[in-house]
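Peer 1: Have a look at this one before I ask anything.
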Amino acid sequence: MDQLETTTNAVGSPDLSSNERRGQKNNKNDENNRRRRPSMRKPARDVRDVPQSRRQRKDSSRRENDQAKKDGLDGENGRTKTNAGTSLTRTNSPVIDFDGLSRPSFGTRERLEENDESKAMRLERMKSAVQTLLECIGEDPNREGLLATPERYAKAMLFFTKGYQENIRDIVNGAIFQEGHNEMVIVKDIDVFSVCEHHLVPFTGKMHIGYIPNNAVIGISKLPRIAEMFARRLQIQERLTREVANAIFEVLQPQGVAVVMESSHLCMVMRGVQKTTSTTITSCVLGCFERREKTRNEFLSLVGVNRR
Ligand SMILES: [Zn+2]
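Counting with the UniProt record's numbering, you get residues 1 to 308 for the letters of the sequence shown.
Okay, structure coming up:
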C-alpha cells in the first residue's frame, strides 16, 4: 500500500525535484521524451522516425507497465527505472540528426545542399515577397531609398537564419579532449541574437552556459558557436535555451549541463505590452545540475543572474 501511494501521489511527494513533479503532471507527453541516445555516433531515433506499428507496440507495452504500477506490482521499481539518468526536458526532436543536422531541419538540408541556381531562385522569391510587404504597408517600392531594400532585407534575413545551414558536427569538429577534468566550466555573457518565430522580430540577450565534464572537455569557443547555431534560426527563447543544453549534453556526454538566457524581446518592447525594461529569463538544467540543488545554485551564483 505504501508503494502504491508513492507512485500515484508523486505530485505531492516532497523528495521530487520540480522538474520531476512537472513531469508527473505531463506524464503522457513526456513518456516519449525519456529515451536518450547514448552518443551522436549512433543514428538518431526520433519517435516520429519509428514505424507506426512499432510505436504502437511500444505505447501498448507502456500502457501495460502503467497499469502494473497502478496495481502496485512494480510500483517503486518502475518509477526509479524510468527516472534514472533521464531528463524530462527533452522534446520529440532529436538534437543531432543522422548526419549531424538538427531539427527543425527541412531547411537545413535544403540550404546546405543548394546550388547557385536554387540560391538565386530563393533570393528572387524573397525579394518579391518583400516588395509585396512594402506595397502593403503603403510604401512605394520604386522610390529611391527603397529600390534595393527587398534584396538587402532578403540577404539580412538569410543571415539571421544562417543557423539552418549549420551542422553541429562541423562546429564541434572533433574538439573534445580527454582531460580528466571534472570541475565546473562556465562561459558567461555570450551575446545572442535571434528571431522570434511568432513575430519575425529580433530578441537579443546574454546566454550563460555551464557544464561539469565527465573527463572530456569541449573546446571552449565551441560553446558560443553552438549557441549561435541555434540562435540563428526562428526561435522562441525557451526552445533556444533547451536546444543548446541538449546539444551540449549529447555531443559531450558530461555529468551535467546548465544554460541560462536573459533577453529582451522586441515584439514585447516595441509592440504589445511595450514593457521596455523587462527581461525574460529561461533556463535548462540537465544531469547533475538537475539532480543537485547545490550544483545548480553554485552555477546560478557564478553567472550572477540575480545581480540586478
Ligand atoms: Zn514575438
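In this text, a Cβ means the ideal position worked out from N, Cα and C, and glycines have one as well.
Between cysteine 284 and ligand 1, is there a pair consisting of the residue's CB and a ligand heavy atom that are separated by less than 6 Å?
Peer 2: no
Peer 1: With distance defined between alpha-carbon atoms, name the residue in Glu298, Val260 and Ile176 nearest to leucine 240.
Peer 2: Val260
Peer 1: As a quick exercise: from Asp116, Arg296, Leu223 and Gly304, pick the residue whose alpha carbon is nearest that of valine 172.
Peer 2: Distances from the alpha-carbon of valine 172 to those of Asp116, Arg296, Leu223 and Gly304 put Leu223 closest.
Peer 1: Spatial neighbours of serine 283 within its chain, please: CB distance less than 6 Å, with the 5 preceding and 5 following residues excluded, ordered by chain position.
Peer 2: Val260
Peer 1: Would you mind sorting glycine 205 into buried or exposed? The rule is 16 or more other CB atoms within 10 Å of its CB.
Peer 2: buried
Peer 1: Report the partner residues of residue 312 according to the DSSP bridge assignment.
Peer 2: The structure shown does not extend to residue 312, since the chain is modelled only from 1 through 308, so no value can be given for it.
Peer 1: Run the CB neighbour count on leucine 302, radius 10 Å, all protein chains shown included, and call it buried at 16 or more, exposed below.
Peer 2: Looking at its Cβ environment, which holds fewer than 16 other Cβ atoms inside 10 Å, leucine 302 is exposed.
Peer 1: Name the residue from Arg122, Arg296, Ser118 and Ser278 whose alpha carbon lies nearest to the alpha carbon of phenylalanine 203.
Peer 2: Ser278
Peer 1: Who are valine 260's beta bridge partners in DSSP?
Peer 2: His208 and Ser283
Peer 1: Do arginine 201 and leucine 266 have their C-beta atoms closer together than 7 Å?
Peer 2: Checking the sequence, you will find valine at residue 201 rather than arginine. In this structure, leucine 266 lies closer than 7 Å to valine 201 by Cβ.
Peer 1: Among residues of its own chain, excluding the 5 on either side of isoleucine 190, which ones have a beta-carbon nearer than 6 Å to its beta-carbon?
Peer 2: Met207, Pro224 and Ala227
Peer 1: Considering only DSSP beta bridges, list what glutamine 178 is partnered with.
Peer 2: Ala216
Peer 1: Does the beta-carbon of glutamate 243 have 16 or more other beta-carbons within 10 angstroms, so that it is buried, or is it exposed?
Peer 2: buried
Peer 1: Could you have a look at valine 185 and say whether DSSP puts it in helix, strand or coil?
Peer 2: Looking at valine 185 - three-state DSSP - the assignment turns out to be strand.
Peer 1: Should valine 273 go down as buried or exposed, given a rule of 16 or more other Cβ atoms within 10 Å for buried?
Peer 2: exposed
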